[in-house]
Structure formats: C-alpha cells, structure tokens
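Numbering (our numbering), first residue to last: 390 to 554.
Structure (structure tokens):
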C-alpha cells in the first residue's frame, strides 16, 4: 500500500520559503529530513529541484514539471501529482515541496511531518492551512537549536478517517 507523506518546515505564519530558498538555517531539521527520507522516493516540483540543484542521494528523485522536454540525470519526471503518486505505487514516498505541490498533495497525503520553526520570517511561499477536521496531531517533539538559536518542533499529523456515510 502506498503511504504518501508530506514533509515540510514552516514558520509561525506557515511560511516555507523566499526566492526559492529556505529563510532559516536549521541543521537539526536538515538532519531530520535526511534521516526520514533516505531510502524512499521523494517527489518535488521543478522549482524545488532547481533550488536544491541536484538529485538527493539515497533517494529516488521524482520531479513534477509541466515541460515534457525537461530532463536531468538521476531524476524521473511526472506531469502531475497524480502521475508522481502512480510512479510510487505500493511504496512509502515523501512530498518535499514546493508550495503548489504541497497544496495539490494535501488531498492525497496520508501523513504530514512538519517542522514548526517558532519564529516568523519574510516569506513569499506558504504551506496550506492544516484542517483539524481532516488531520489529527499524532506526535510532537519540542526542541531548541543552540547553533541556530531557534525553538522548533517536529510534529506528525495523520489523516482522519472519513466519516461513515
């Protein structure tokens, strides 16, 4: 069975980036991201891939792009979130951004792994609101980063079962 997890870091206003970059430096979150996603397919939009600049090692990299001619070594392409989900059928896979891909994937994701950065940044990209009617907080780990001087939390949300008809 496919398990689709959105993994994201966001600030107190749901900001996730500015000019296709992260607005903060949080080494603990990068280590968490690597630990959680290594060995699994990752799905991202082309702009997110461009901001990373290379396929992430130890993971099957799938880039969603509207351009059928776009290619990059070590990367598979899909034309939509649905097409990417079909490529990872039967696997645990992670949606890693950006904002438009997150918005589309919210309808099909089973789980959210959110790093809540306890600060507000100037952002131009935002994560959609998490609807408590659809999502339930399953776990929360509060942390502090001495190197970044930031408070943050790793929060896991699971999709609520649909109400019986």
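Glycine included, C-beta positions come from ideal geometry on N, C-alpha and C. These numbers come from a predicted model, not from an experiment.
From the DSSP output, in three-state form, read off residue 425 for me.
-> helix
Is the stretch 464-472 close to the stretch 504-522, with three or more CB pairs under 8 Å?
-> no
Would you kindly check if the distance between the Cβ of residue 484 and the Cβ of residue 432 is under 8 Å?
-> yes
Beta carbon of residue 478 nearer than 8 Å to that of residue 393 | no
From the DSSP output, which residues share a beta bridge with residue 450?
-> 431 and 464
Answer yes if the stretch 402-409 comes into contact with the stretch 528-538, meaning at least three C-beta pairs across the two stretches below 8 Å, and no otherwise.
-> no
By how many angstroms is the C-alpha of residue 458 removed from the C-alpha of residue 500?
-> 32 Å
Helix or strand or just coil, what does DSSP make of residue 440?
-> helix
In the DSSP assignment, find the unbroken alpha helix (DSSP H) run with residue 476 in it and report its ends.
-> 470-476
Taking all protein chains shown into account, do 16 or more other C-beta atoms lie within 10 angstroms of the C-beta of residue 486, making it buried, or fewer, making it exposed?
-> buried
If we ignore side chains and look at the alpha-carbon of each, how far apart do residue 404 and residue 462 end up?
-> 31 Å
What is the DSSP secondary structure of residue 523, counted as helix, strand or coil?
-> coil
Is the beta carbon of residue 427 less than 8 Å from the beta carbon of residue 449?
-> no
Quick one: residues in its chain with C-beta nearer than 6 Å to the C-beta of residue 493, no 5 flanking neighbours on either side, listed in chain order?
-> 470
Between the Cα of residue 417 and the Cα atoms of 504, 550 and 514, which residue gives the shortest distance?
-> 504
Neighbour-count burial assignment, residue 454, 16 or more Cβ in a 10 Å radius = buried
Taking C-beta to C-beta, are residue 430 and residue 396 nearer than 8 Å?
-> no
Mind reading off the beta-carbon distance from residue 474 to residue 444? Whole number of angstroms is fine, and I expect it under 8 Å.
-> In fact, because the Cβ distance is near 19 Å, the residues do not count as touching under 8 Å.
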